[in-house]
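Taken in order, the sequence shown gives residues -16 to 271; the numbers are from this note's numbering. The beta-carbon is built from N, C-alpha and C at its ideal position, and this holds for glycine as well.
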Amino acid sequence: MEAWEFGRTVRRWRDRVAPENVGVPVGRRRRASGLRREEVAALAGISTDYLTRLEQGRATAPSAQVVEALARALRLADTERDLLYRLAGHAAPGLDVVPSRVTPSVRRLLDRLAHTPVVVYDASWTLVLANAPYDALMGDTSTWGGLERNAVWRNLAGLPTRVVHTPVEQADHEARLVADLRLTASRYPGDHALRRLIAELAAESPRFAGLWDTEPSPLSDPSRRKVVDHPAVGRITLDCDTLVVALDDLRITVYTAEPGTGDAERLALAVVLGTQTLVDQHQRRHRG
-16 MEAWEFGRTV
-6 RRWRDRVAPE
4 NVGVPVGRRR
14 RASGLRREEV
24 AALAGISTDY
34 LTRLEQGRAT
44 APSAQVVEAL
54 ARALRLADTE
64 RDLLYRLAGH
74 AAPGLDVVPS
84 RVTPSVRRLL
94 DRLAHTPVVV
104 YDASWTLVLA
114 NAPYDALMGD
124 TSTWGGLERN
134 AVWRNLAGLP
144 TRVVHTPVEQ
154 ADHEARLVAD
164 LRLTASRYPG
174 DHALRRLIAE
184 LAAESPRFAG
194 LWDTEPSPLS
204 DPSRRKVVDH
214 PAVGRITLDC
224 DTLVVALDDL
234 RITVYTAEPG
244 TGDAERLALA
254 VVLGTQTLVD
264 QHQRRHRG
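Listed below in structure tokens is the structure:
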């Protein structure tokens, strides 16, 4: 294949993706029918400059992780995903790699939850996608890149979050994430990206290294309720349910409130206000 075929294919496929189908807020002044370059880059967790160089054929050796991230961002079917791998000079991943694709059936499930905050992680707790209501509630995830997209690292690094935890709840949450990551590592021993993630976590976080090397003790049952401190509406107490898609090894977390309650009203207001804020931010970025 010509060096530029990969980039040309990515460009063609991003032109066909409707922004609302991938949770990208759309303002009134939008002219492009597909995704802008910076939107695909944000969804894939790579820089806009790198995506530009890929599309223009000036970067010709994307890693398998970048290819997978682009395939996920562009919502490619299996055959298209495999083609993208081949265009990049890689074999399509096998069963020994942590899956991160969202199947059409799971997408239909997510589409039915289009007005509910939902976030999807793969088995390494790396962000796969967050819908617009989730970003409106929790803050914009589209600017996250690299390790920032991993929930284990974000929690252990103490990055800002709108979820309010007591110290005990936070410690339990971190221990639970690391314990689940250990199980994931045992299921995918051949995944090089997973091994790199674990090595980086161990190098950056003494807390992670301690949890990883210590025999896990029994943990209390995880709280299904979360308190979210939203900057516009204040604290909201929500039900938080994590669903596991067994065959695809995904974690889908859904945030809801009991209808008719003050929390439900605050959640609805947070989604409306937060979505408008995201639209304004995207428009400023585009103008800039």
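Could you tell me the distance, in whole angstroms, from the CA atom of A49 to the CA atom of Y68? One-based indexing of the sequence shown puts residue 49 at position 66. One-based indexing of the sequence shown puts residue 68 at position 85. In the sequence on display, residue 49 carries Val and not Ala. Each residue's alpha carbon lies about 10 Å from the other.
For D105 and P82, the rounded distance between their alpha carbons: Numbered from its first residue, the sequence shown carries residue 82 at position 99. Numbered from its first residue, the sequence shown carries residue 105 at position 122. Looking at the two C-alpha atoms, the distance is approximately 7 Å.
By the three-class DSSP mapping on this structure, what secondary structure does T167 have? As a working note, residue 167 is residue 184 in the sequence shown. Correct three-state label for T167: helix.
First through last residue of the alpha helix (DSSP H) which encompasses H193: Here residue 193 refers to the residue found at position 210 of the sequence shown. Per the sequence presented here, residue 193 reads as Gly, with His not at that position. G193 -> alpha helix (DSSP H) spans P189 to D196.
Distance check for A134 and E127, CA to CA, integer angstroms please. Walking along the sequence shown from the start, residue 127 turns up at place 144. Walking along the sequence shown from the start, residue 134 turns up at place 151. Per the sequence shown, the amino acid found at residue 127 is Trp instead of Glu. Going from the Cα of W127 to the Cα of A134 covers about 11 Å.
Uninterrupted beta strand (DSSP E) stretches inside the region 100 to 185 (no shorter than 3 residues): 101 to 104 and 110 to 113
C-beta atoms of V151 and V210 nearer than 8 Å: The sequence position of residue 151 within the sequence shown is 168, counting from 1. The sequence position of residue 210 within the sequence shown is 227, counting from 1. In this structure, V210 does not lie closer than 8 Å to V151 by Cβ.
How is T43 classed by DSSP in three states: helix, strand or coil? Numbered from its first residue, the sequence shown carries residue 43 at position 60. T43 falls in the coil class under three-state DSSP.
Does the beta-carbon of E241 have 16 or more other beta-carbons within 10 angstroms, so that it is buried, or is it exposed? Locating residue 241 in the sequence shown gives position 258, counting from the first residue. Per the 10 Å Cβ criterion, exposed.
Hey, quick one: how far does the beta strand (DSSP E) through D61 stretch, first residue to last? On the sequence shown, position 78 is the one that residue 61 refers to. Unbroken run through D61 is the alpha helix (DSSP H), D61 to L70; no beta strand (DSSP E).
In angstroms, rounded to a whole number, what distance separates the CA positions of D79 and T167? Along the sequence shown, one-based indexing puts residue 79 at 96. Along the sequence shown, one-based indexing puts residue 167 at 184. Computed Cα separation, rounded: 11 Å.
Whole angstroms is fine: what's the gap from R207's alpha carbon to W108's? Locating residue 207 in the sequence shown gives position 224, counting from the first residue. Locating residue 108 in the sequence shown gives position 125, counting from the first residue. Distance between the alpha carbons of R207 and W108: 18 Å.
Element boundaries [beta strand (DSSP E), containing D224]: Position 241 of the sequence shown holds residue 224. Run containing D224: G217 to V228, per the beta strand (DSSP E) assignment.
Apply the 10 Å Cβ neighbour rule to G(-10) and answer buried if 16 or more other Cβ atoms are within range, or exposed otherwise. One-based indexing of the sequence shown puts residue -10 at position 7. It counts as buried.
Alpha-carbon spacing of V103 relative to V111, whole angstroms: The residue labelled residue 103 in the question sits at position 120 within the sequence shown. The residue labelled residue 111 in the question sits at position 128 within the sequence shown. Each residue's Cα considered, the two are about 5 Å apart.
Please name the residue in G40, V9 and V5 whose C-alpha comes closest to that of V280. As displayed, the chain neither begins before -16 nor continues past 271, which places residue 280 out of reach and without an answer.
Apart from the five residues just before and just after D174, which ones in its own chain have a Cβ nearer than 7 Å to its Cβ? If you number the sequence shown from 1, residue 174 lands on position 191. Excluding residues within five positions, the ones whose Cβ falls inside 7 Å are D79, V80 and V81.
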